[in-house]
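Visitor:
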Amino acid sequence: MITDNIGQNTLNMNASTQTQHAQNPYATKQKEEQSLEDTLKNSAVNVSISMRAQVVLIGLQSNDIAKGNASAQNGLENIFNNKEIFNFLSGSENEHFFSLADLGYEGKAITELNQEEAGALISDEGFFGVEQTSSRVANFAIELSAGNLESLKEARRGIVKGFEEAEKLWNNNLPDISYKTQESTLILIDAQISKLEKETATS
Numbered sequence: 008m009i010t011d012n013i014g015q016n017t018l019n020m021n022a023s024t025q026t027q028h029a030q031n032p033y034a035t036k037q038k039e040e041q042s043l044e045d046t047l048k049n050s051a052v053n054v055s056i057s058m059r060a061q062v063v064l065i066g067l068q069s070n071d072i073a074k075g076n077a078s079a080q081n082g083l084e085n086i087f088n089n090k091e092i093f094n095f096l097s098g099s100e101n102e103h104f105f106s107l108a109d110l111g112y113e114g115k116a117i118t119e120l121n122q123e124e125a126g127a128l129i130s131d132e133g134f135f136g137v138e139q140t141s142s143r144v145a146n147f148a149i150e151l152s153a154g155n156l157e158s159l160k161e162a163r164r165g166i167v168k169g170f171e172e173a174e175k176l177w178n179n180n181l182p183d184i185s186y187k188t189q190e191s192t193l194i195l196i197d198a199q200i201s202k203l204e205k206e207t208a209t210s
């Protein structure tokens with residue numbers, strides 16, 4: 008899974024950083040700043056695409072599009088006019104962007120789901136439901152930060168940024184499930200931040 012790769016990549020990066028520090032402290036600082044920037048960006052992208060998927064699934068599940076709901080139809084236009092979003096929901100893989108497979112999703116492409124299948128994915132037990140999505144995004148951020156408090160705080164900022172980007176894309180009108188997912192995700196992240204702060208204070 009992507010989190011396993013992230014964990015290994017982080018270990019490799021830490022080992023490389025230690026070597027560079029002995030050779031060039033300035034290069035090490037640049038590397039650390041780039042790492043925080045990447046953490047912010049990757050966290051933002053992860054949560055943003057999860058929110059986008061939820062919005063589309065809500066539209067498919069409720070059949071708003073078929074009923075002529077203007078908001079849902081505008082949402083569809085956002086998808087088909089945005090190649091990256093459409094490719095993601097179609098299950099396409101791109102080395103420069105997260106895919107459904109990167110998130111661990113192995114089901115049918117979202118663009119091919121029927122009403123019942125869409126509803127199942129955003130149910131309490133569904134892959135894009137509140138519990139699984141918040142847990143997945145939080146774990147992604149926690150593993151990406153590799154126990155570094157500042158990196159985790161940066162990941163939290165990325166999660167908030169990604170949520171705001173998704174909200175803007177959908178005219179500041181996300182479904183309730185997305186707001187609940189954000190709240191649940193931040194609770195998990197904040198709990199880990201609190202844990203790391205306590206560990207730092209006692210070390």
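Here the sequence shown stands for residues 8 to 210, numbered as in my numbering. Using N, Cα and C, we set each Cβ at its ideal position, and we do this for glycine too.
Going along the chain, which residues of its own chain have a beta-carbon closer than 6 Å to the beta-carbon of L195, five neighbours each way excluded?
Guide: The residue you call residue 195 lines up with position 188 of the sequence shown. So the qualifying residues of the chain are A145.
Visitor: Let's test the definition: count the other Cβ atoms within 10 Å of the Cβ of T207 and tell me whether it reaches 16, buried, or not, exposed.
Guide: Against the sequence shown, residue 207 aligns to sequence position 200. Counting Cβ neighbours within 10 Å, T207 comes out exposed, since fewer than 16 surround it.
Visitor: Compare the C-alpha of L110 against each of F170, S201, S142, E157 and name the closest.
Guide: Translated into positions along the sequence shown, residue 110 becomes position 103. Minimum Cα distance to L110 is reached at S142.
Visitor: In whole angstroms, give me the CA-to-CA distance for T188 and M58.
Guide: Walking along the sequence shown from the start, residue 188 turns up at place 181. Walking along the sequence shown from the start, residue 58 turns up at place 51. The straight-line gap from Cα to Cα measures roughly 8 Å.
Visitor: Give me the Cα-Cα distance between S97 and V62, rounded to the nearest whole angstrom.
Guide: Translated into the one-based positions of the sequence shown, residue 97 becomes position 90. Translated into the one-based positions of the sequence shown, residue 62 becomes position 55. Each residue's alpha carbon lies about 15 Å from the other.
Visitor: Kindly indicate the opening and closing residues of the alpha helix (DSSP H) around I166.
Guide: Working through the sequence shown from its first residue, we reach residue 166 at position 159. From DSSP, the alpha helix (DSSP H) with I166 extends over 156–176.
Visitor: Beta-carbon separation of I65 and I184 under 8 Å?
Guide: Along the sequence shown, one-based indexing puts residue 65 at 58. Along the sequence shown, one-based indexing puts residue 184 at 177. Yes, these two residues count as a Cβ contact at 8 Å.
Visitor: List in chain order: all unbroken alpha helix (DSSP H) runs of 4+ residues lying wholly within the region 103–129.
Guide: Complete alpha helix (DSSP H) runs here, min 4: 122–128.
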